[in-house]
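Residue numbers (our numbering), protein chains in the order written: chain G, 58 to 462; chain X, 58 to 462.
Each residue gets a CB set at the ideal place from its N, CA and C atoms; glycine is no exception.
Data block below; observations after.
Number of protein chains: 2
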Amino acid sequence: MVTPQTYHFDEPFTLECNRTLPAFDLVFETYGTLNADKSNAILICHALSGSHHAAGYHEGDKKAGWWDNMIGPSKAIDTDEFFVVCVNNIGSCFGSTGPTSINPDSIDKGEAQPYGPDFPLVTIKDWVGTQALLSDRLGIEVWHAIVGGSMGGMQALQWSLDYPNRLKRCVVIASTPKLSAQNIAFNEVARQSILSDPDFKEGRYLQAGTYPRRGLILARMVGHITYLTDDAMKAKFGRDLKSGKFMYGYDVEFQVESYLRYQGERFSENFDANTYLLMTKALDYFDPTRGHIEDSETSVEADTEIQNSQSQNDQRELSALKAAFAHSECQYLVVSFTTDWRFAPERSQEIVDALMATGKPVSYLNVDAPHGHDSFLFDIPRYMGAIKGFLTAPFITANRTGARL
Amino acid sequence: MVTPQTYHFDEPFTLECNRTLPAFDLVFETYGTLNADKSNAILICHALSGSHHAAGYHEGDKKAGWWDNMIGPSKAIDTDEFFVVCVNNIGSCFGSTGPTSINPDSIDKGEAQPYGPDFPLVTIKDWVGTQALLSDRLGIEVWHAIVGGSMGGMQALQWSLDYPNRLKRCVVIASTPKLSAQNIAFNEVARQSILSDPDFKEGRYLQAGTYPRRGLILARMVGHITYLTDDAMKAKFGRDLKSGKFMYGYDVEFQVESYLRYQGERFSENFDANTYLLMTKALDYFDPTRGHIEDSETSVEADTEIQNSQSQNDQRELSALKAAFAHSECQYLVVSFTTDWRFAPERSQEIVDALMATGKPVSYLNVDAPHGHDSFLFDIPRYMGAIKGFLTAPFITANRTGARL
Chain G
58 MVTPQTYHFD EPFTLECNRT LPAFDLVFET YGTLNADKSN AILICHALSG
108 SHHAAGYHEG DKKAGWWDNM IGPSKAIDTD EFFVVCVNNI GSCFGSTGPT
158 SINPDSIDKG EAQPYGPDFP LVTIKDWVGT QALLSDRLGI EVWHAIVGGS
208 MGGMQALQWS LDYPNRLKRC VVIASTPKLS AQNIAFNEVA RQSILSDPDF
258 KEGRYLQAGT YPRRGLILAR MVGHITYLTD DAMKAKFGRD LKSGKFMYGY
308 DVEFQVESYL RYQGERFSEN FDANTYLLMT KALDYFDPTR GHIEDSETSV
358 EADTEIQNSQ SQNDQRELSA LKAAFAHSEC QYLVVSFTTD WRFAPERSQE
408 IVDALMATGK PVSYLNVDAP HGHDSFLFDI PRYMGAIKGF LTAPFITANR
458 TGARL
Chain X
58 MVTPQTYHFD EPFTLECNRT LPAFDLVFET YGTLNADKSN AILICHALSG
108 SHHAAGYHEG DKKAGWWDNM IGPSKAIDTD EFFVVCVNNI GSCFGSTGPT
158 SINPDSIDKG EAQPYGPDFP LVTIKDWVGT QALLSDRLGI EVWHAIVGGS
208 MGGMQALQWS LDYPNRLKRC VVIASTPKLS AQNIAFNEVA RQSILSDPDF
258 KEGRYLQAGT YPRRGLILAR MVGHITYLTD DAMKAKFGRD LKSGKFMYGY
308 DVEFQVESYL RYQGERFSEN FDANTYLLMT KALDYFDPTR GHIEDSETSV
358 EADTEIQNSQ SQNDQRELSA LKAAFAHSEC QYLVVSFTTD WRFAPERSQE
408 IVDALMATGK PVSYLNVDAP HGHDSFLFDI PRYMGAIKGF LTAPFITANR
458 TGARL
């Protein structure tokens, strides 16, 4: 049984987009006990539709937190040993300041209104910044580990770049160094589904008394397909018909249609449309190599043997990623899943390659699992075992100078 | 320069859904000259968004027909040698009877109205039936070949099952024996985009003076992603920004977004929404093994060594496909493309496996091409060469009894 806590941060926070939040709330949960020297804390970063409720039960809940199979007594992230913190990010819709929160500007104008579309677009880097402020407030100077899957993995990665001396271990699961054009394309379909829904009302649906339900259902349906795999859908639904025969109409005929519609509808009841838009943009924007591409131009020019422009691009990207990792100080564990086609194993391997080439300590696991991108939420022994082992192994202080040569 | 022709069929045609069209039109084009014994005719079957305009130019056109790189003098389908016919299918929106045609029932009621949503759902088998009637009218008893890509390949395949003695060669390109759950899922997202657009007006948008433009744009965007590949999109757009920097808003930021929106908008201007719905359903319904699954149950039971239920299912599907092909008499050429993930090479190989196991003559080519599913529309020498060779090689009469043993 867990109870969320909320901290209010009464200080301006300037975002990457150059806009400033005058103040903000962060809602979070903790599991386990912080030890005396505050050295056993693990931060969990959530993904697109996640929340601070990663483990345990809230009063009256039938379902446990989203990563309850990972976090708990004797589990891979062992709460008998570690103090685990999971925080809802700003811009989300589960309690931290976001589009559904009251916009202080509106109070000044005499009428309290939610931010809605006026909430600024936030980035992975912004989230990491707010999480660092939470760390300060909790008195945690150095995290034993920061762990995340998918978009959560991006936050863990960003931590290791922005606050290299504030974490000892970084666990990046089912993630990517940046979104591909196809990833962005799927996000854009999801966004257009919401933006083009007449009930969206330019984001002011709360004031208008409407809700872009149809848009949110479509957005989730297309997203959901990318989380699963063709084979997993075949095993689960195949071409099974709902009524056993073709109906020759547009009602549900195949079981897979029924499943997708149900998932979309359920999601639309619990999620805010402005938040969905903003989360997909944060994904698109993530690119730790930004600002490092130019640093690396010279070294690429030197690689005279590269003929092909595609491999020249790949080489440039690897160099930029190496430059981004130059000052990181933690140990990394990178995990991918064989059937994940949203963020395929090759994308995790780009992270591993750049870390290896920079002489950083990194372990990598490509886990055979049938659930596609969703695999990171499943209880897979090899996966759980590796996380547990990585978190409990002693921290190795490398001879960095030597390692880089 | 080509001119389409229209034949009116003033006879009732009963569809698989058990509804009857009292009469219908077929619009088609021909290229080349039919020889005296009518033995040089090749039928081209179009895909989801295709039309009868496969080659050449219409008066005033800037762009040639959709398969102009395949069909023409000295091309893979050589119009100096062959008489080529391409017909627009019923249910489409390019001239053959479909949802935008006048519903004769409405004339009886005194006011001419388009069919709209009252147009019956049609299947691949229905199309093949109407194409057979066109063949009769053209006096073509036996086609030299029937050729199609994607949904067109399904029609070619169905011809070989329904009219085994009316074609000598069957060319099935970038196709599948039936849609997977994931294929259906993507189609369902496209359909829901249209169906949930308030301007759809339950399909009576023509009468209402509206048009489900937003829904059609979304449907095409999601479809378009599945026609391309992650790598092709990377090569074409990567993460290039439209204005060179992040704008932190929902206008176009990445080039890939701009491209997708443009494709969607252009498509929505030239295509009918009811037709799009109906075409995706025809795809979903296609399954030549229906009615053969039970035939094959016994032979599967006999395969006692199969432990795993998934491979048992695969085995059952192979047996059903073998049963479907039992009476085919043509030579097959099956072509897939390495990067096609909509109808992956494995799906083509299912067709090949079933044909091989039934002792049917089949050639198979998996063409290395970077364009994903769209590859079948590209001028790729190995692909074009194989089509040309297959179409001009002498027909081999196999000793069928021997081949089946």
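So, under 8 Å CB-CB, residue 328 of chain X and residue 273 of chain X are touching, yes? Tell me the CB distance rounded to an integer number of Å. Residue 328 of chain X sits at position 271 when you count from the first residue of the second sequence. Residue 273 of chain X sits at position 216 when you count from the first residue of the second sequence. About 7 Å; that satisfies the 8 Å criterion.
From residue 173 of chain G to residue 270 of chain G, what distance separates their C-alpha atoms? Indexing the first sequence from 1 puts residue 173 of chain G at position 116. Indexing the first sequence from 1 puts residue 270 of chain G at position 213. When rounded, the separation of the alpha-carbon atoms in residue 173 of chain G and residue 270 of chain G is 16 Å.
Are the beta-carbon atoms belonging to residue 161 of chain G and residue 176 of chain G less than 8 Å from one another? One-based indexing of the first sequence puts residue 161 of chain G at position 104. One-based indexing of the first sequence puts residue 176 of chain G at position 119. Judged by beta-carbon spacing, residue 176 of chain G lies beyond the 8 Å limit of residue 161 of chain G, meaning their Cβ atoms are not closer than that value.
What residues are listed by DSSP as bridge partners for residue 124 of chain X? On the second sequence, position 67 is the one that residue 124 of chain X refers to. Answer is none; residue 124 of chain X lacks a bridge partner.
C-beta neighbour in chain G for residue 300 of chain X, strict 8 Å: The residue labelled residue 300 of chain X in the question sits at position 243 within the second sequence. Answer no: the Cβ-Cβ gap between residue 300 of chain X and chain G never drops below 8 Å.
At a CB-CB cut-off below 7 Å, which residues of chain X make contact with residue 255 of chain G? Here residue 255 of chain G refers to the residue found at position 198 when the first sequence is read from its first residue. Result: 255.
Looking at the C-beta of residue 354 of chain X, does it have a partner C-beta in chain G at a distance below 8 Å? Walking along the second sequence from the start, residue 354 of chain X turns up at place 297. Interpretation of residue 354 of chain X is limited by its pLDDT of 49, a score under 50 that renders its predicted location unreliable; the figure taken from the coordinates is listed afterwards. Not one chain G Cβ lies under 8 Å of residue 354 of chain X.
Contact defined as beta carbons within less than 8 Å: I believe residue 189 of chain X pairs with residue 207 of chain X. What is the distance between those atoms, to the nearest angstrom? Along the second sequence, one-based indexing puts residue 189 of chain X at 132. Along the second sequence, one-based indexing puts residue 207 of chain X at 150. Rounded, the Cβ-Cβ distance is 21 Å, inconsistent with contact.
Pick out whichever of G/265, G/372, G/392 and G/346 has its Cα sitting closest to the Cα of residue 380 of chain G. As a working mapping, residue 380 of chain G is identified with position 323 in the first sequence. The shortest Cα separation from residue 380 of chain G among G/265, G/372, G/392 and G/346 belongs to G/346.
On the criterion of 16 or more Cβ atoms from any shown chain inside 10 Å, does residue 418 of chain G qualify as buried, or is it exposed? Here residue 418 of chain G corresponds to residue number 361 of the first sequence, with the count starting at 1. Classification for residue 418 of chain G: buried.
What does the alpha-carbon distance come out to for the pair residue 325 of chain G and residue 170 of chain G? For the purposes of this step, residue 325 of chain G is taken as residue 268 along the first sequence, with counting starting at 1. For the purposes of this step, residue 170 of chain G is taken as residue 113 along the first sequence, with counting starting at 1. Their backbone Cα atoms lie some 22 Å apart in a straight line.
Relative to the C-alpha of residue 76 of chain G, which residue among G/63, G/427, G/420 and G/183 is closest? The count along the first sequence starts at 1 and reaches residue 76 of chain G at position 19. For residue 76 of chain G, the nearest C-alpha among the options comes from G/183.
How is residue 86 of chain X classed by DSSP in three states: helix, strand or coil? Numbered from 1 along the second sequence, position 29 holds the residue referred to as residue 86 of chain X. Under the three-state reduction of DSSP output, residue 86 of chain X falls in the strand class.
For residue 286 of chain X and residue 396 of chain X, believed in contact at Cβ under 8 Å, the rounded distance: The residue given as residue 396 of chain X occupies position 339 in the second sequence. The residue given as residue 286 of chain X occupies position 229 in the second sequence. Contact holds; Cβ gap of about 5 Å.
Can you list the residues of chain X that residue 279 of chain G reaches, using a CB-CB cut of under 7 Å? Against the first sequence, residue 279 of chain G aligns to sequence position 222. By Cβ distance, chain X contributes 246 and 279.
From the DSSP output, read off the bridge partner residues of residue 143 of chain G. Here residue 143 of chain G is taken as the residue at index 86 of the first sequence, counted from 1. Partner(s): G/86 and G/101.
Considering Cα atoms alone, identify which of X/185, X/243, X/126 and X/344 is closest to residue 148 of chain X. Along the second sequence, one-based indexing puts residue 148 of chain X at 91. Taking only the C-alpha atoms, the option nearest residue 148 of chain X is X/185.
Per DSSP, the bridge partner or partners of residue 463 of chain G: There is simply no residue 463 of chain G to check, as chain G begins at 58 and stops at 462 in what is shown.
Compare the Cα-Cα distances from residue 93 of chain G to each of G/196, G/101 and G/247 and report the closest residue. By 1-based counting over the first sequence, the position of residue 93 of chain G is 36. Selected option, being the one with the closest Cα: G/196.
Going by DSSP, name the residue or residues bridged to residue 135 of chain X. Here the question's residue 135 of chain X lines up with position 78 in the second sequence. DSSP output for residue 135 of chain X lists X/129 as bridge partner(s).
Rounded straight-line distance, which links the Cα of residue 222 of chain G to that of residue 390 of chain G: Here residue 390 of chain G corresponds to residue number 333 of the first sequence, with the count starting at 1. Here residue 222 of chain G corresponds to residue number 165 of the first sequence, with the count starting at 1. CA-CA distance, residue 390 of chain G to residue 222 of chain G, rounds to 17 Å.
With 16 other CB atoms within 10 Å as the buried threshold, where does residue 264 of chain X fall? One-based indexing of the second sequence puts residue 264 of chain X at position 207. The residue in question, residue 264 of chain X, is exposed, as its Cβ has fewer than 16 Cβ neighbours within 10 Å.
Kindly list the residues whose CB is nearer than 8 Å to the CB of residue 96 of chain X, restricted to its own chain and excluding five residues on each side of it in sequence; keep chain order. Numbered from 1 along the second sequence, position 39 holds the residue referred to as residue 96 of chain X. In its chain, beyond the 5 residues on either side, 199 and 201 have a beta carbon closer than 8 Å to the beta carbon of residue 96 of chain X.
If you compare alpha carbons, which of X/411, X/434 and X/440 is closest to residue 425 of chain X? Locating residue 425 of chain X in the second sequence gives position 368, where the first residue counts as 1. Comparing Cα positions, the closest option is X/440.
Length at least 4, wholly inside the region 247-294 of chain X: the alpha helix (DSSP H) runs in chain order: Correct list: 262-265, 270-284 and 287-293.
When X/288, X/313, X/290 and X/292 are compared against residue 299 of chain X, the one with the closest alpha-carbon: Position 242 of the second sequence, counted from the first residue, corresponds to residue 299 of chain X. Here the closest residue by C-alpha is X/313.
Locate the alpha helix (DSSP H) running through residue 342 of chain X, then write down its first and last residues. On the second sequence, residue 342 of chain X is found 285 positions in, with the first residue counted as 1. For residue 342 of chain X, the enclosing alpha helix (DSSP H) begins and ends at 330-342.
From residue 436 of chain G to residue 136 of chain G, what does the alpha carbon distance come to, in whole angstroms? Looking up residue 436 of chain G in the first sequence gives position 379. Looking up residue 136 of chain G in the first sequence gives position 79. Approximately 17 Å, taken between the alpha carbons.
6 Å CB neighbourhood of residue 388 of chain G in its chain, flanking five on each side removed: As a first step, residue 388 of chain G must be located in the first sequence, where it is residue number 331. Excluding the 5 residues flanking it on each side, residue 388 of chain G has same chain C-beta neighbours closer than 6 Å at 226 and 418, in chain order.
Does the region 329-348 of chain G touch the region 107-119 of chain G, meaning 3 or more C-beta pairs lie closer than 8 Å? Note that the region 107-119 of chain G does not touch the region 329-348 of chain G; fewer than 3 beta-carbon pairs, one per stretch, sit closer than 8 Å.
With a 10 Å radius around its C-beta and 16 neighbouring C-beta atoms as the bar for buried, classify residue 86 of chain G as buried or exposed. In the first sequence, the residue the question calls residue 86 of chain G occupies position 29. Counting Cβ neighbours within 10 Å, residue 86 of chain G comes out buried, since at least 16 surround it.
Are residue 20 of chain X and residue 405 of chain X close, meaning C-beta to C-beta below 8 Å? This structure cannot speak to residue 20 of chain X, because chain X is shown only from 58 to 462.
Name the chain G residues whose beta carbon is nearer than 7 Å to that of residue 367 of chain X? Position 310 of the second sequence holds residue 367 of chain X. Within 7 Å Cβ-Cβ: 292.
According to DSSP, is residue 170 of chain G helix, strand or coil? As a position in the first sequence, residue 170 of chain G is number 113, starting the count at 1. If DSSP states are grouped into helix, strand and coil, residue 170 of chain G belongs with coil.
Is the region 328-338 of chain X close to the region 236-255 of chain X, with three or more CB pairs under 8 Å? The region 328-338 of chain X vs the region 236-255 of chain X: in contact.
Residues of chain G with CB closer than 8 Å to the CB of residue 74 of chain X, please, in chain order. Counted from its first residue, the second sequence places residue 74 of chain X at position 17. Within 8 Å Cβ-Cβ: 303 and 305.
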